[in-house]
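Below you'll find the structure, written out as structure tokens, and then a few comments.
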Amino acid sequence: HRHLLGIEQLSPDEIVTLLDLADDYAELNRRADKHGDALAGLTQINMFFENSTRTQASFELAGKRLGADVMNMSMQTSSVKKGETLIDTAMTLNAMHPDLLVVRHPASGAVDLLAQKVNCAVLNAGDGRHEHPTQALLDALTIRRAKGRLHRLSVAICGDIAHSRVARSNLLLLNKMESRIRLIGPPTLMPAGVGALGVEVFEDMAEGLRDVDVVMMLRLQKERMDGGFIPSEREYFYRYGLDAEKLAMAKPDAIVMHPGPMNRGVEIDGTIADDINRSVIQDQVEMGVAVRMAAMDLLARNLRERTAA
Ligand code: CP
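Throughout the sequence shown, residue numbering follows UniProt numbering, covering 5 to 313 in sequence.
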């Protein structure tokens with residue numbers, strides 16, 4: 005592939021290839037010298053039109069560890085504030101000959117559109133409620149390292165499914181890897197017609213979590229609720245927040261995941277999030293760097309092959 009825009013475009017074999025390479029990078033990242041040269045001589049620009057801690061930091065570290073020249077555009081202080089459009093901004097940066105453009109944008113489809121205009125490789129770092137492919141890949145790597153496999157695992161994705169690009173990318177990936185998926189949440193936060201995707205849908209947490217291997221919690225994406233129904237946080241925690249009582253319904257060795265940022269006491273009890281025997285939330289962050297190194301390495305190989313041809 006020329007770009008990484010979504011899980012939708014990846015085959016199961018391509019996902020496994022990327023995860024295998026990311027596994028190697030995860031080991032490299034634990035060594036004293038964390039550096040490789042897969043991106044040496046390449047220029048990477050990160051454009052984040054929406055706030056980020058994990059994704060932006062890990063893309064920056066991933067690029068630097070593999071030898072790229074990395075530039076973080078500060079969108080808050082850019083000429084976007086003077087009315088310049090996304091495409092004009094991207095074309096301006098494109099004229100500076102980047103090789104890799106990492107883009108996060110609040111509009112679904114914005115990153116795909118931009119990829120059609122520029123001549124470098126584009127990586128989707130999250131577009132609206134559409135896709136967040138590197139998040140699903142780092143989640144898959146975390147699950148595979150904890151459970152030894154992805155197929156025939158029962159994975160519960162809980163909470164605000166409707167507004168979540170993380171849920172969408174995970175759903176696509178876990179389906180391709182033959183995991184069994186349960187979606188748990190209030191009907192108001194469940195996308196219409198999701199049952200047709202071959203997933204089980206539950207309104208009740210205790211019922212949905214029964215005997216699952218993986219519990220994936222999601223934040224209420226209030227910024228995407230367009231002034232519609234926003235549940236009261238106290239009521240939401242009571243019904244859908246992951247606490248010890250609800251987690252007891254899952255398998256005794258079930259792992260707890262959260263893509264971050266977390267709202268403690270809303271979708272997850274802080275003590276569960278911090279329980280190192282159950283929570284793999286920090287592993288997810290660690291795998292984020294490795295997955296982004298692998299994704300950019302594979303795109304750079306493709307770029308070099310096309311340049312040489
Ligand atoms: N999981 C995730 O995308 O986190 P950030 O918004 O902090 O990048």
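The beta carbon of each residue, even a glycine, is placed where N, CA and C say it ideally should be.
- Counting only runs of at least 3 residues, the stretch 112-146 fully encloses the following beta strand (DSSP E) elements, listed from N- to C-terminal order: 125-131.
- In this structure, the beta-carbon distance from residue 223 to residue 169 does not fall below 8 Å.
- Counting along the chain, residue 48 sits inside the beta strand (DSSP E) bounded by residues 47-52.
- Residue 294 and residue 26 do touch by the CB rule: their CB atoms are close to 4 Å apart, below 8 Å.
- Under DSSP, residue 105 forms a beta bridge with 49, 126.
- The residue from 244, 108, 149 with its alpha-carbon nearest to that of residue 192 is 244.
- Following the DSSP letters along the chain, one finds residue 259 inside the beta strand (DSSP E) bounded by residues 259-261.
- Look at residue 228: its beta carbon is at least 7 Å from all of the heavy atoms in the ligand CP.
- According to DSSP, residue 204 shares a beta bridge with 186.
- Only residues of its own chain outside the window of five on either side were considered, and among them 205 have a CB closer than 6 Å to the CB of residue 199, listed in chain order.
- Inter-residue distance for residue 246 and residue 207 is about 14 Å (C-alpha atoms, whole angstroms).
- Residue 167 counts as buried, since no fewer than 16 other beta carbons sit within 10 angstroms of its beta carbon.
- One thing to note: residue 178 has its Cβ no nearer than 8 Å to the Cβ of residue 288.
- Per DSSP, residue 160 lies in no alpha helix (DSSP H) segment; the continuous beta strand (DSSP E) that holds it begins and ends at 158-162.
- Taking C-alpha positions only, residue 94 is separated from residue 118 by approximately 7 Å.
- Of all residues, those with a beta-carbon under 7 Å from at least one heavy atom of the ligand CP are 55, 56, 57, 58, 59, 60, 130, 136, 139, 170, 263, 264, 265, reported in chain order.
- In this structure, 68 is the residue among 68, 263, 150 with its C-alpha nearest to the C-alpha of residue 49.
- Your pair residue 42 and residue 304 checks out as a contact, with CB atoms roughly 6 Å apart and the cut at 8 Å.
- DSSP, reduced to helix, strand and coil, places residue 270 outside both helices and strands of the structure shown, so it counts as coil.
- Between residue 173 and residue 137 a beta carbon distance of about 5 Å is seen, short of the 8 Å cut, so the two are scored as contacting.
- Sequence-distant Cβ neighbours of residue 54 in its own chain, meaning closer than 8 Å and more than five residues away, are 108, 109, 110, 130.
- Annotated as distal: residue 298 and residue 285, with beta-carbon spacing of 8 Å or more.
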